[in-house]
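Here the structure is laid out as structure tokens; the discussion comes afterwards.
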Amino acid sequence: MVSRNSLAPAAVDEPIDAFTAAARTKLLVKDLSIRYGSAVALQGVNLEIREHEIFGIIGPANAGKTSLLKAINRMDVFTPGMRVDGEIRFNDRDTRRLSNVYALRSRIGVVFPLPVGLPMTVYENVALSPRLRGIRNKAELDVIVQRCLTRAALWDEVKDRLNALGSLLSGGQQQRLTIARALSQEPDLLMLDEFSIAVDPVTTMRIEDVLKELRQEVTIILVTNLVQQARRLANRTAFFLNGECVEVGVTEDLFTGEVKDQRTRDYVEGRFG
Amino acid sequence: MTTANAVLFQATGLNQRNERVQRLYRLLFGLMTLMLIAPVLLILGTLVVKGGGVISWEFLFTAPTDGMRSGGVLPALLGTVWLVTVALLLSVPIGVFAAIYLSEYAGDNWFTRAINLAIINLAGVPSIVHALFGLGAFVIFFGFGTSILAASLTLAVMTMPVVIVATRESLQAVPQAFREACWNMGATRWQTIRKVVLPNSITGILTGVILEVSRTAGETAPIMFTGAVFFTPFLPQSVMDQTMALSLHLFVAATQVPGIADEIPFGIALVLIALVLLMNSASIAFRMWLRGKKKW
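Respectively, the protein sequence lines represent chains A and B.
Read in order, the letters of the first sequence are residues 93 to 365 in my numbering.
Read in order, the letters of the second sequence are residues 105 to 400 in my numbering.
Next up, the structure:
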């Protein structure tokens, strides 16, 4: 098993489709349906996400992408009226029947569309999750904070102001802080929900490089409305539309026209309407 | 080009009208603010001019003598401190904890909506009604007698709705995204409250408490049936004692004592206001210290 604590940079230039089809299943979604009251957000979705791949999810607004992430993370309990049917297996455990949802959520890092720098210092933002796990030792926390901020490509910019308020960083820095915070959970699975919406293109590229490195150790679900971003990063990609998973395939196939559904082709080629 | 720009930025009739209207409103709002300050200044001024003369260490630290016509206010001063402190010790924890439950745990259903409605209505109940409730419930039913405990309980019941509402407002001012970020990390509701919600709402909660200090110290009706007495030369020793209180003492001195020197009631009022300001400054200082610590 690859040590999660290694600081060694991974090869960034490795070809994107280097994952093997034999990789273990990290997340299995079976017949998933999500409803908010009487409104259907997601209907009959089946997905298999494998270990150490970047799994892209593309699709227009209202496709049910964010609802899927919420269901995976069992955040549905915080959303009144949200009803989830079907099965989601994470590390081969049925998450719908899990009583310790806190352990599940702590294994899954989430990055939101709008950066959420918690109103505490940069240091505390990253140390929060380790502290929740019970790590009290200052030296140990220091190591984790530096490692996670370094991995999120933020360390050099904030190393001299770790005691500044995290919510006062710039948007792009806050988003990398959010990623550092997610990494501080030492997650098995990282879910990014349109992370680049409030981030400038240069920062987006830096974060994309970070994600390529992270693929070595965590599985990543990348929800994006930028089809080119999915093409740059994702091994396989699913196309969602109006609560339906229209197509799942090796990312490059979606772009080279080997699609089963005409709607997928229309969407990736920008002919949607 | 220049002429075109000159035309472009020339004030039109509409611009001028808008500017006039906005000046008018600024004047209106400014005048209202002045009207707000005027009574405060008049009251404080009158009290200082008419009652400042009697204020002395002796006035503060001796009991009234000669049928309240001379001597000081010590029993009433201490009594008010007792009443306010005990009332806050009761109402602040209960009120803040209840507000945390309502804001952070309880779902939005008919039951919590009914509770919220009840709280708002409770805040609107006149203080004399609270007084009669306190007399019936704490003095007679629970058998506390007329005591600091019964009076403070009555004051606590009266102030609790405001503590709850103020606390709930400041809790709900904390963005939901902060909570969700924390929950997503696997934090429980309590961990989220402890690490994210409370640190960012504590100053608002304290503001609510500060407002309640002033109100509690000044209330007369709820305590006159439940624990405050007309006159006692004894200082309160425990919560089961009866006590004098500044607000009631002021009422008595101003209306019930023939031949009292004019300046004594004014002096009592001045002491009451000074006490409230002192208690408020302490809480405000605490709040500023908290803010400084948060680098907020």
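Cβ atoms here follow ideal geometry from the backbone N, Cα and C, with glycine treated the same way.
Exposure label - residue i; buried when at least 16 CB within 10 Å
{"i": "Phe419/B", "result": "Since the first residue of chain B shown is 105 and the last is 400, residue 419/B is not available in this structure."}
{"i": "Tyr359/A", "result": "buried"}
{"i": "Gly171/B", "result": "exposed"}
{"i": "Ser191/A", "result": "exposed"}
{"i": "Pro101/A", "result": "Its pLDDT being 41, under 50, Pro101/A is placed unreliably by the model, and nothing is read from it."}
{"i": "Asn255/A", "result": "exposed"}
{"i": "Phe364/A", "result": "exposed"}
{"i": "Pro230/B", "result": "exposed"}
{"i": "Val111/B", "result": "exposed"}
{"i": "Trp186/B", "result": "buried"}
{"i": "Asp252/A", "result": "exposed"}
Inter-residue Cα distance where the pair is residue i and residue j
{"i": "Ile150/A", "j": "Leu269/A", "result": "24 angstroms"}
{"i": "Pro207/A", "j": "Glu286/A", "result": "10 angstroms"}
{"i": "Ala115/B", "j": "Arg130/B", "result": "20 angstroms"}
{"i": "Val351/A", "j": "Asn327/A", "result": "16 angstroms"}
{"i": "Thr330/B", "j": "Leu339/B", "result": "17 angstroms"}
{"i": "Val125/B", "j": "Thr137/B", "result": "19 angstroms"}
{"i": "Ser387/B", "j": "Leu333/A", "result": "55 angstroms"}
{"i": "Asp186/A", "j": "Val193/A", "result": "11 angstroms"}
{"i": "Ala131/A", "j": "Pro152/A", "result": "17 angstroms"}
{"i": "Val61/B", "j": "Ser342/B", "result": "Given a span of 105 to 400 for chain B in the structure shown, any question on residue 61/B remains unanswerable."}
{"i": "Ile141/B", "j": "Leu253/B", "result": "36 angstroms"}
{"i": "Asn213/B", "j": "Gln321/A", "result": "42 angstroms"}
{"i": "Leu164/B", "j": "Val177/B", "result": "6 angstroms"}
{"i": "Gln354/A", "j": "Ala195/A", "result": "41 angstroms"}
{"i": "Ala167/B", "j": "Phe370/B", "result": "17 angstroms"}
{"i": "Thr258/B", "j": "Asp168/A", "result": "43 angstroms"}
{"i": "Asp345/A", "j": "Leu246/A", "result": "34 angstroms"}
{"i": "Gly155/B", "j": "Ala378/B", "result": "12 angstroms"}
{"i": "Gln277/A", "j": "Ile204/B", "result": "27 angstroms"}
{"i": "Ala358/B", "j": "Asp366/B", "result": "8 angstroms"}
{"i": "Gly86/A", "j": "Pro205/A", "result": "Missing from the structure shown is residue 86/A; chain A here goes from 93 to 365 and no further."}
{"i": "Ile299/A", "j": "Ile271/A", "result": "9 angstroms"}
{"i": "Val152/B", "j": "Thr263/B", "result": "29 angstroms"}
{"i": "Ala285/B", "j": "Gly396/B", "result": "25 angstroms"}
{"i": "Val94/A", "j": "Glu143/A", "result": "Per-residue confidence for Val94/A stands at a pLDDT of 41, beneath the threshold of 50, marking its modelled position as unreliable; the derived number appears in the next sentence. So the two alpha carbons sit approximately 12 angstroms from each other."}
Interface flag, residue i vs chain B, CB-CB below 8 angstroms
{"i": "Leu261/A", "result": "no"}
{"i": "Ala195/A", "result": "yes"}
{"i": "Asn165/A", "result": "yes"}
{"i": "Gln277/A", "result": "yes"}
{"i": "Val291/A", "result": "no"}
{"i": "Leu160/A", "result": "no"}
{"i": "Ser125/A", "result": "no"}
{"i": "Phe182/A", "result": "no"}
{"i": "Val202/A", "result": "yes"}
{"i": "Ser191/A", "result": "no"}
{"i": "Arg96/A", "result": "Model confidence at Arg96/A stands at a pLDDT of 43, short of 50, so the residue's coordinates are unreliable and nothing is read from them."}
Paired residues, beta bridge with residue i - DSSP
{"i": "Met174/A", "result": "Tyr128/A"}
{"i": "Asp285/A", "result": "Val315/A"}
{"i": "Ser259/A", "result": "DSSP lists no partner for Ser259/A."}
{"i": "Cys337/A", "result": "Phe332/A"}
{"i": "Arg185/A", "result": "Phe182/A"}
{"i": "Phe147/A", "result": "Ile313/A and Arg328/A"}
{"i": "Thr117/A", "result": "Arg142/A"}
{"i": "Pro168/B", "result": "Gly175/B"}
{"i": "Lys122/A", "result": "Glu179/A"}
Given residue i as reference, the closest of the options once Cα atoms are compared
{"i": "Val121/A", "options": "Ile180/A, Arg175/A and His144/A", "result": "Ile180/A"}
{"i": "Trp287/B", "options": "Ser130/A, Glu305/A, Asn165/A and Ala219/A", "result": "Asn165/A"}
{"i": "Pro265/B", "options": "Asn119/B, Gly199/B and Ile314/B", "result": "Gly199/B"}
{"i": "Val158/B", "options": "Leu350/B, Met383/B, Gly175/B and Pro143/B", "result": "Gly175/B"}
{"i": "Thr250/B", "options": "Leu315/B, Met328/B and Ala358/B", "result": "Met328/B"}
{"i": "Arg173/B", "options": "Ser387/B, His353/B and Ala389/B", "result": "His353/B"}
{"i": "Ser351/B", "options": "Thr150/B, Val361/B, Gly322/B and Ala365/B", "result": "Gly322/B"}
{"i": "Arg225/A", "options": "Gln135/A, Thr242/A and Arg197/A", "result": "Arg197/A"}
{"i": "Arg283/B", "options": "Ala203/B, Arg319/B and Asn304/B", "result": "Asn304/B"}
{"i": "Lys325/A", "options": "Ala163/A, Glu305/A and Ala290/A", "result": "Going by the sequence as given, residue 325/A is Leu instead of Lys. Taking only the C-alpha atoms, the option nearest Leu325/A is Glu305/A."}
{"i": "Thr347/B", "options": "Thr184/B, Ile147/B and Leu374/B", "result": "Thr184/B"}
{"i": "Phe170/A", "options": "Leu382/B, Val300/B and Gln280/B", "result": "Gln280/B"}
{"i": "Lys162/A", "options": "Ile313/A, Val338/A, Val302/A and Arg323/A", "result": "Ile313/A"}
{"i": "Leu192/B", "options": "Ile314/B, Phe334/B and Leu275/B", "result": "Ile314/B"}
{"i": "Leu239/B", "options": "Gly228/B, Ile224/B and Ser256/B", "result": "Ser256/B"}
{"i": "Gln238/A", "options": "Arg273/A, Thr329/A, Gln267/A and Leu257/A", "result": "Arg273/A"}
{"i": "Pro197/B", "options": "Leu310/B, Asn384/B and Pro326/B", "result": "Leu310/B"}
Minimum Cβ-Cβ distance from residue i to chain A less than 8 angstroms
{"i": "Phe282/B", "result": "yes"}
{"i": "Met289/B", "result": "yes"}
{"i": "Ala285/B", "result": "yes"}
{"i": "Lys399/B", "result": "For Lys399/B, the predicted model reports a pLDDT of 46, less than 50, meaning its position is unreliable and no value from the coordinates is stated."}
{"i": "Thr311/B", "result": "no"}
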